[in-house]
Every structure is written in C-alpha cells, then in structure tokens.
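What follows is a set of notes on a single structure, which appears directly below.
Numbering (the numbering used here), first residue to last: 2 to 511.
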C-alpha cells in the first residue's frame, strides 16, 4: 500500500468523529426501534441510514422488474438504441433490514448500440448485507467496444482550446478556441498530403476535371484528418468488490479487483471519401477517396508521450475506505459520502503495466426547506484523481469509485457539455453542483427537475493542482424515480465547445 493511500486513510479517519456529530456537543444515544415484525437487526446500524417515514411508506416489498427500451442521441456516437432490465428485491417489511437498505438484491442487464457501432453491454449484481452479514458484494461483466473513442492528448496540453484551419486548407484561416462540431467538419476535408504520408490517387473524373481546369485548386495527392482525434478500443472486463461495514454501517472497507484487456486500433492509412476544400459541398459536390493521415494518438506515440499504444492487459488490485451517512442511497435527501480508493496495476497479477492511482471523492446532500418542499435537495460532489507509474493512455480516464467507474473529464459522468474524455491527465480534479426538485408525483413515479453546473481541469502532476483556469459546463436535467430505487435521467448540457449535449441513462451521476 502506497504512502499516498495511507495518508488518505489517516485523513478520513481523523475527520470521521467530526462528520458524524449532529452538533458540537454530545447528543444522547439513539435507540433503534425494531422492525414491524419485532425482529432485531443482527448488528447495530446507525439511525442516519434509516429511511424517512414517507419514503418507507412508499417502499414496495419483494421482487419487482423495472427498466425500459430507449432511443437517444450522442454527439460522439450517433443515435443509440437498446434497453436495460433491472430485477430488484426489497425484501419484506418483516425483514429488519427493510428500513435501512435501498434493496436486498439488484441485478440488471444492459444492452446498447449506436448507428456508429459503439457498443456497451453489461450484467451487474449488487447485494448489500449479503446473507444478513456486514458484507456487501458487487460484481459486473462488461463488453465495451467503441470505434469512436476520443483522444485530445494527455495533461495540461489538452487544456488548450480546439484549433483548426478553415476547410482543413493549410492556407486557410486559423481558428483557435473553436467548437468541436466545427473542428470535426473542417478535419473532414481533404488536404495536400505530406511527403511522409501514404497517398491514394483519386479516381473521381469530376474532381480531376476541376483540378485540371482551375489552377487555383491544388493538384497532386491528398490526405484527410477526418478521425484525427479518434481511435478504436475493445475492452471486455470483469469487476468484483467486497465491502465490510463498521461503526454502525457508517464506514466501509472495500477490497476488489478488475481483469481487463484492451485492443487498440487507429485510423492511420484508412481510406475515406471526403470533400475537396474548394469545391466540396458546393454545386459540384466534389468528393474522392483519400488516405487518412496520422492521428493525434500516433503523433503522441511517436513523440514518446504515451504508453499502451498497442493495447494490453490491465489487471488491478483495489482497496478503498468509505464514510457514508446518506439516508437513501439511490436518491438521497441528506447526508455525506466520502471515499478514498487506491488501484495497483502489477505484472505479478498479469498486467502489462505497473502503476498506482488514487481517487478522492466527497458528495454532500442537504434539504434546506424540508417542511415547505417535500423534496428539494442541494447536491454536490468534489473529486480528485492522481496517478504514478507507467499508466497506459486509455487508463488515465478511468477513476474507480466504490459505487462505479467514472470516465474522464467530459461526458455524462463528470464535465457534462464537453465531449467524452475531453481532458485527461495524471492529476484530475472536478466538481458537480445540482438542485434536485421533485415537482410531480404519481403512484410509482416521481419527477424531478435538476439544473446543474460542472467544473474541472487536469494537471501534469498532482503537486501542480491549483484553483486556476477551470473549464465549466451547465445544463438542466430530468430525473424520474421509478419505485424509488430506479432512477432514470435525461440531461441536456452545454459548454464553451459544445451546445445541447444530450445524455440518457440510469442512476444519478453521484
């Protein structure tokens, strides 16, 4: 266990007594009432974890299915389709854990694909207090295959604004701090090939005749940068963790691991039919097949700035410590959630890389007017990730939280409004603020309006972290609570580089 992780554990343990006090003075010991059946818990659980009476009255008993088919649009992957089926077991009201757990067992099956062939399929199991013990089991198997993965570089260099030339013409107007859709559009146009690039002689008679008849059109050989910031990865992986509760369920120690293998492919030398910079898209619609130039990923590999270019095995040992006072885990109204996690990639466990990563996260939930609004929650999260060692480029984005993986700065789980993994580095810090207001409720469903604000940035090293030059995004979301424990969300977010990014999935992002 590394020095950073030991310091992190000491930090959290030192503050547990402060965080667990309701007032600065000593309060009388709370008495835990038995379950309606009269049965007592096999071990004590803090009253902080007990559901509010209103939530308890709505909680259904036994097994029930939920989920839905969905269709959505993703600016990166195109139109998506698929579905998720959740099987949830709340147990019975006679179960003494009924008042303290979001559910006793939950299994879900997820399938999704897009028009650009980005696939994500998973089977997931979660069992709190399994076999009426102080242990919790989480496990999942994931197939993650994405030919549209984005790569903008590593560290502080990636914080620079997007730049490109109009229609990808080397003599065209230079745009700096541009928007992502405009950059993508410009990169698609063909440009004169450089001497070191593979070329494909266009066979388009219309384009050839235009070149011959107009000396202003550059003649000769061409290339394109259509997928300059993209690569293709295939990553099947298995994740397993076991948690042990302490101190009336407020503290959990987590141990686990991950087995995974990455296959990486770039778009260098692939052939694409793209428009001509002068006549493409105009009345002539002149397009032709050309060879793709070097991608950003290949450029950084040749410059010696990254590892993992050829993929490989990434097997991880994981350790974590959690302090959790949330009243209802899937949709909390009050409480805090603090965690520190540590991952170790070792060749001794079959990994091709050797490195450490530590993740710190704090979530805070507060209901300012519980008597006026049945549910108006101010929710916030602050997080920081740091890594050392030979980290492959595709692992910078992965931040392991005990309740699920978080991917890069940008995309639906961090800096909404920016493209997925827009900013990654050895050190990453970000935050999210939300106002969750329940404005309508019908039997089985509650609807919440959620305006939000996100911020974050990356650094080359953890010691360089500061409060300057953060990136920001904002938007509004809809949350639909289905039988309390299943949360469906739709977010629309914007940033300096994108507008109207739409995300649809399950569970709050924090």
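Think of the CB as a built atom: it goes at the ideal place given N, C-alpha and C, for glycine as much as any other residue.
For residue 442, list the residues DSSP reports as bridge partners.
Looking at the DSSP output, residue 442 sits in a beta bridge with 447.
So what does DSSP say about residue 187, is it helix, strand or coil?
In this structure, residue 187 counts as helix in the three-state DSSP scheme.
When DSSP labels each residue in this structure, what does residue 193 get in the three-state scheme?
Here residue 193 sits in strand by DSSP.
Mind pulling the beta strand (DSSP E) runs of 3 or more residues that sit fully within the segment 344-383?
Correct list: 356-367.
At which residue ranges does the segment 256-316 contain complete alpha helix (DSSP H) runs of 4 or more residues, listed in the order of the chain?
For the segment 256-316, whole alpha helix (DSSP H) runs of length 4 or above, ordered along the chain, are 297-303.
Could you give the DSSP three-state label for residue 511: helix, strand or coil?
The answer is coil: DSSP assigns residue 511 none of H, G, I, E or B.
Quick check: what's the CA-CA separation for residue 310 versus residue 232?
Each residue's alpha carbon lies about 10 Å from the other.
Assigned secondary structure, residue 69 (DSSP; H/G/I helix, E/B strand, else coil)
In this structure, residue 69 counts as strand in the three-state DSSP scheme.
Provide the residue(s) that pair with residue 340 in DSSP beta bridges, ordered along the chain.
Per DSSP, 323 and 362.
Collapsed DSSP secondary structure at residue 150 in the structure displayed:
Reduced to three states, the DSSP call for residue 150 is strand.
Can you tell me whether residue 46 is helix, strand or coil according to DSSP?
Reduced to three states, the DSSP call for residue 46 is coil.
Span of the alpha helix (DSSP H), counted from its first residue to its last, around residue 54
Run containing residue 54: 54-59, per the alpha helix (DSSP H) assignment.
Just confirm the distance between the C-beta atoms of residue 78 and residue 117, as a whole number of angstroms; I'd bet it's less than 8 Å.
Right, the Cβ-Cβ distance comes to about 5 Å (below 8 Å), so this counts as a contact.
Please determine, among 438, 280 and 428, the residue with the shortest C-alpha to C-alpha distance to residue 461.
Checked all of 438, 280 and 428; the closest Cα to residue 461 is 428.
Using the beta-carbon count (16 or more within 10 Å), is residue 402 buried or exposed?
Buried: at least 16 other Cβ atoms inside 10 Å.
Would you mind stating whether residue 1 and residue 507 have Cβ atoms separated by less than 8 Å?
This structure does not reach residue 1, given that the chain is present from 2 up to 511, and the question cannot be answered.
Report the option in 353, 404 and 345 whose CA atom is closest to the CA atom of residue 323.
Of 353, 404 and 345, the residue nearest in Cα terms is 404.
Can you give the Cα-Cα distance for residue 474 and residue 495, rounded to whole angstroms?
A direct Cα-Cα distance of roughly 6 Å separates residue 474 from residue 495.
Taking the C-alpha atoms as reference points, what is the distance between residue 394 and residue 431?
The alpha-carbon atoms of residue 394 and residue 431 are separated by roughly 19 Å.
Please confirm whether residue 484 and residue 65 have their CB atoms less than 8 Å apart.
Judged by their CB atoms, residue 484 and residue 65 are nearer to each other than the 8 Å cut-off.
Have a look at 419, 366 and 465 and flag the residue whose alpha-carbon is nearest the alpha-carbon of residue 509.
Proximity to residue 509 across 419, 366 and 465 peaks at 366, based on C-alpha coordinates.
Between residue 417 and residue 492, is the Cβ-Cβ spacing less than 8 Å?
Cβ atoms of residue 417 and residue 492: closer than 8 Å.
By the DSSP assignment, the beta strand (DSSP E) with residue 244 in it spans what residues?
Per DSSP, residue 244 belongs to the beta strand (DSSP E) from 231-247.
Per-residue DSSP class, three states only, for residue 75
In the structure shown, residue 75 sits in a strand (DSSP, three-state: E or B).
Between the beta-carbon of residue 83 and the beta-carbon of residue 297, is there less than 8 Å?
No; because the gap between Cβ atoms is not below 8 Å, this pair is not in contact.
Please return the same chain residues whose Cβ sits closer than 6 Å to the Cβ of residue 354, not counting the five positions on each side in sequence.
Once the five neighbours on either side are set aside, the close Cβ partners of residue 354 are 346, 391 and 393.
When you compare the segment 159-172 with the segment 181-200, are there three or more beta-carbon pairs, one atom per stretch, that lie closer than 8 Å?
Contact holds between the segment 159-172 and the segment 181-200, because three or more Cβ pairs, one in each stretch, are under 8 Å apart.
Answer yes or no: do residue 189 and residue 158 have a C-beta to C-beta separation smaller than 8 Å?
Between residue 189 and residue 158, the C-beta gap is not smaller than 8 Å, which leaves the two residues out of contact.
8 Å contact criterion, which residue 143 and residue 123 should meet: CB distance rounded:
About 4 Å separates the two Cβ atoms, so the contact holds.
Cβ shell of residue 33 (< 6 Å), same chain only, five flanking positions each side left out:
Note on residue 33: pLDDT 44, under 50, position unreliable in the model; no value is reported.
One or two residues paired with residue 480 in a DSSP bridge
Partner(s): 449 and 490.
Under the three-state reduction of DSSP, which class applies to residue 395: helix, strand or coil?
Of the three classes helix, strand and coil, the one that applies to residue 395 here is helix, per DSSP.
Tell me whether the segment 230-249 and the segment 130-144 touch, counting them as touching only if at least three CB pairs, one residue from each stretch, are closer than 8 Å.
Yes, the segment 230-249 touches the segment 130-144.
Within the continuous beta strand (DSSP E) that includes residue 110, where are the two ends?
106-115 is the span of the beta strand (DSSP E), which, as asked, contains residue 110.
Consult DSSP for residue 156 and reduce its assignment to one of helix, strand or coil.
Of the three classes helix, strand and coil, the one that applies to residue 156 here is helix, per DSSP.
Around the Cβ of residue 239, are there at least 16 other Cβ atoms within 10 angstroms (buried) or fewer (exposed)?
By the C-beta density criterion, residue 239 is exposed, having fewer than 16 other C-beta atoms within 10 angstroms.
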